[in-house]
Amino acid sequence: MTLNAREMLRLLLRDRLAVAGLLVLLGFIVLAVFADSIAPFDPMAMQRVDGRIARMHPPSQQFLFGTTDYGRDIFSQVVMGSRIALQVGILAALVVTIAGTAIGLVAGYYGGLVDTILMRVVDIAYGIPFIPFVIVLVALMEPSTTNIIVAISVLSWRSVARIVRAQVLSLANRPFVKAARVAGASDLRIMWVHILPNIIPLALLEMSFVTGWAITSEASISFVGFGDPRSVSWGKTLHEAFLAGAVRTAPWWVAAPGLAIVLLVLAIFFITRGLENVINPRLREW
Amino acid sequence: MSLLQVTDLKVEYTTSRGTLRAVDGVSFSLERGKTLGIVGESGCGKSTLMKSLMRLLPPQGRIVGGQVLLEGTDLTKLSEHELRAIRWKKMALITQSAMNALNPVYKIGDQLAEVLIVHGGMTRKAAWERAAQLCQLVGIDPARLSAYPHQLSGGMRQRVMIAMAIALNPALIIADEPTTALDVVIQHRILTRIRELQSQLQIAMILVTHDISLVAEICDYAMVMYAGEMVEYGAVRDIFFKAYHPYTLGLLNAVPSVTQDIESLISIPGYPPDLIHPPAGCRFATRCPFRTEVCETQRPNLGEVQAGHRVGCHFPEKAEEFRRQAADRRTWERMSV
Amino acid sequence: MGTFIARRLLQSLVSLFILMTLVFFLFRLLPADPTAVMVDAAMTPEQVERLRANFGLDKPLLVQYALYLRNVILHGDFGTSFFYRQPVFQVLGDKILSTIILGLATVVISYSLGTLIGALAAWRRGSAFEAGSIAVSLAFRAAPDFWIGMVFVMIFAYRLGWFPHSGMREIGYVATSLWDKYVNLDFLRHLFLPALVGGLANVATPLLLMRNAMLEVVHEEFVELARAKGLPPWRIIYLHAARNALLPVVTSLAVSVGRTIGGIVLVEVVFSWPGLGREIVLAATRYDFPVAQAAFVLIAAVVMLMNLLADLLYAYLDPRIVYR
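Chains as they are written, first to last, in the working numbering: chain A, 1 to 286; chain B, 1 to 337; chain C, 1 to 324.
So this is what it looks like as structure tokens:
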């Protein structure tokens, strides 16, 4: 059953959790866009109070989330960190979805040798452990945001490809595709006009999954020290917290960036779940 | 006292389109050791009726009125805990598709032994021994007890179901289309075996089916259901040779005859009514070749036309006339318009 | 069954081989200079060349590859660590078991918690328990593994003092044998928190899968028959329904195991658990390529091993599987 975009949106908006997720996501987007204005201090600057560096201050009115061991304002770091999180999340998800969909489409449509080869590649991709691979890749390349996005994308397309291929396989044998072929439509046309529109909801759903995954992955890469040294990210804040022993002495330093990650990713989960209920009516609750 | 006495049972389902009354005031009784056959097309409420007797309705279904007395106890008033004590011990079930009703990951022996262990308090060893005895009763080689359901044929699986049903010597067995999924030859064998066991062990049985010829084979009484109501009830011979209700007559027409030369079967055109908004008068009116104005506006009452023979029709006195006309295919073909 | 195992083993070995090749070329083709760590400004160009020759870095790529394969397959020799100046296998040897143990413990916790709670959640459809358990498991999944680790260390190790905050055993402990090394209370105390963290981080998948599978199974006729038989509820939920609902969940085990092991890397770092994951992070930081490469291959091998075990488990649970 194919729904048009407006129907999908309407159904989605009926899911309260999904709406909550959308609002939170929107909030983070606003935060990221206006980060410069919202962050009270420069996240990398050492703050001073009464002439002395404000080391490891617990949360106060001045420093809402407290300060680091170098006197940096954690609240500003969290606000600015939203930029990297959303950038990596969305860009990686886009790249992955486009690549994965294209591969899944080609594999599922043409079948035969093309399919076998592509699926072997996917199988190999599945055999590669994700975090170790991504860490090694970023270490080998220069740690930068772009490289992080690349590293995450290199493997993440595997699940999209598999799922899209499965869907294409079930569609490729349907009467309307056969009819188009008989009518003389070219392969490209059939894929683009007939099959792709039916794949898009599923691809969007996968993209939603990947976004959350990409955000957590970026945090993980930054946590082990391979984040972009020039930017502020939540993972990097936690990396510094860990090295400084904040687990023992400064719980606020640990809590704030982590909760930001949880909030954003949960919001995306709920949006994804809402989308899933819309696209797979079988799972729909009464 | 009858073994089973159902009085004015009403069952409803909550659906997204509204409340559906699947069973609307059905009453009947059954004596020990006797067999009742319930016939009707899909959606007439017979399966719902059976589920209600065992109190196994899905969450959206509930009993909204009436009584179900089993050996004097009203089943509709019992708690889940009390029901568990009598389930299978007093009332057992044989379902249509044994392939689906048997748990695919356990051996047949374990599934047979389970009720003996749980309800009968037997040890596993003792239960398996009894299971072997039960196998012999139904005609299965006890060596097959170590097999899994998918390794047995359809007929064998159905025999396992029968063995399970008689395991605790219940007073009543409900068989819901027990042979529909089997081929005709096996069907006959299974049914005969059921009948033998039943008279041997004096177990009462309710046989639910859409195939009226089966009812003729092994039942003592027959009940015809349509659109949630009982439209005719009586001894099997009466139903078959002296049916009163036009729907019953239509059903009888659909049975192929080995002796007569019929070119094609006469079927009843049309569809059953919507039970969320049931029609005002007789529910069969739209498909009845003998309908009149009163049929469309007034619901017929169940009346006793003979001892033990009840019919829900406005014109039971015209039965002979109906029987004659119903045998003529043109009577029904006129309805296809 | 035997042919099945043999076939899967062969598949895994082929995949491992392909992976080794991939990783080898990945490390050689990317820009970072492997000897940067060891070269200091005072070295002359000839000394640098000799250093490179020492590690075989002056030979053509394909020759290096052939030598690498020969060494690994025939001698188990993964080369020499740039950082430790020791054979790689000596560096990584005992860390393999540590990671496997942590990996197994994590999967056991996440899947047993997930299936038990998921089954119950499905049986109590629409209840607060169902909604709550799903929400909590999703929150754990949203949180990065390492952050959960940090928070748990904060609370259970430092605030409450129930468990140690890092390491595999107390310093100064001398083990007398392999058995003695791992089967003791101190080790279990050290294992508990990291395994719990990993387990909770990954509990959402089995929980949701089990719940969904149960919701479907609950409509199956054999479950209805179980109810008709008057069996007690726990028997119906766990022995009849859950036992069948487990099957699709176990098939997911193979896929999720890979993700779990990958995530263990982070947990090992947070808890300073001396395993392959922690070592690969350290090696990557130090540009110690032989160690990083070998650790990577070994992690992949552990994943494949656990995949194989998961497949065997499924075959045991579902007697309907017939192998060609």
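Cβ coordinates follow ideal geometry from the N, Cα and C atoms, glycine included.
- Taking 7 angstroms as the cut-off between beta carbons, the residues of the region 94 to 107 of chain B near chain C are Thr95, Ser97, Asn100, Ala101, Leu102, Asn103, Pro104, Val105, in sequence order.
- Ranked by Cα distance from Met99 (chain B), the options B:Gln67, B:Gln158, B:Gly61, B:Pro58 are led by B:Gln158.
- Between Gln198 (chain B) and Thr35 (chain B) a beta carbon distance of about 7 angstroms is seen, short of the 8 angstroms cut, so the two are scored as contacting.
- Put simply, the CB of Arg144 (chain B) is far from chain C, with every gap to its CB atoms at 8 angstroms or more.
- For Asp42 (chain A), the secondary structure class from DSSP, reduced to helix, strand or coil, is coil.
- Assignment of Asp110 (chain B) by DSSP, reduced to helix, strand and coil, places it in the helix class.
- Here Thr331 (chain B) is buried, its C-beta having at least 16 other C-beta atoms within 10 Å.
- Judged by their CB atoms, Gly234 (chain B) and Gly121 (chain B) are not nearer to each other than the 8 angstroms cut-off.
- The beta-carbon of Ala142 (chain C) is placed less than 8 angstroms from the nearest beta-carbon of chain A.
- Pairwise C-beta distances place the region 106 to 120 of chain A out of contact with the region 234 to 252 of chain A, as fewer than three of them are shorter than 8 angstroms.
- In this structure, DSSP gives Val215 (chain B) a helical state, which the three-state scheme calls helix.
- In the same chain as Gly66 (chain B), and ignoring 5 residues on each side of it, the C-beta atoms closer than 6 angstroms to its own belong to Thr7, Asp8, Leu9, Lys10, in chain order.
- Under DSSP, the beta-bridge partners assigned to Leu70 (chain B) are B:Leu4, B:Thr73.
- DSSP places Gly111 (chain A) in no alpha helix (DSSP H); its state is neither H nor E.
- If you compare the alpha carbons of A:Leu94, A:Ile98, A:Ile128, A:Arg165 with that of Gly112 (chain A), the shortest gap goes to A:Arg165.
- Within chain B, the residues Pro104, Val105 have their CB atoms less than 9 angstroms from the CB of Asp318 (chain C), given in chain order.
- For Arg84 (chain B), a Cβ of chain C is located within less than 8 angstroms of the residue's own Cβ.
- From the beta-carbon of Pro59 (chain A), no residue of chain C is found nearer than 7 angstroms; the closest lies around 16 angstroms away.
- Bounds of the alpha helix (DSSP H) holding Asp94 (chain C) are 88 to 123.
- Judged by their CB atoms, Pro269 (chain B) and Cys282 (chain B) are not nearer to each other than the 8 angstroms cut-off.
- Of B:Pro59, B:Pro170, B:Pro316, B:Gly25, the smallest CA-CA separation from Met91 (chain B) is found for B:Pro170.
- Under the DSSP assignment, His309 (chain B) falls in the beta strand (DSSP E) whose first and last residues are 309 to 311.
- For Arg248 (chain A), the closest Cβ of chain C is nearer than 8 angstroms.
- Within 9 angstroms of the CB of Met304 (chain C), the CB atoms of chain A belong to Gly127, in sequence order along the chain.
- In terms of beta-carbon proximity, Tyr158 (chain C) lines the interface with chain A, with at least one pair separated by less than 8 angstroms.
- If the five residues before and after Val311 (chain B) are omitted, its C-beta is found closer than 6 angstroms to the C-beta atoms of Glu232, Tyr244, His245, Val305, all from its own chain and listed in chain order.
- Residue burial is scored here from C-beta neighbours: Gln87 (chain A) has at least 16 other C-beta atoms within 10 angstroms and is therefore classed as buried.
- Straight-line measurement puts the Cα of Met335 (chain B) at about 12 angstroms from the Cα of Ile266 (chain B).
- Membership of Leu172 (chain B) in the beta strand (DSSP E) is indicated by the continuous run 172 to 176.
- Taking 8 angstroms as the threshold, the shortest C-beta distance from Gly230 (chain C) to chain B falls below it.
- At least 8 angstroms separates the beta-carbon of Leu138 (chain C) from that of Ser220 (chain A).
- Residue environment: Gln293 (chain C) is assigned as buried (16 or more neighbouring CB atoms within 10 Å of its CB, all protein chains considered).
- Met225 (chain B) is outside the set of residues whose beta carbon lies under 8 angstroms from a beta carbon in chain C.
- Taking the beta carbon of Thr21 (chain C) as reference, no residue of chain A falls within 7 angstroms; the closest one sits roughly 10 angstroms away.
- With contacts defined by Cβ atoms closer than 8 angstroms, Val197 (chain C) and Ile148 (chain C) form a contacting pair.
- Closer than 8 angstroms to the CB of Leu56 (chain B) there is at least one CB belonging to chain C.
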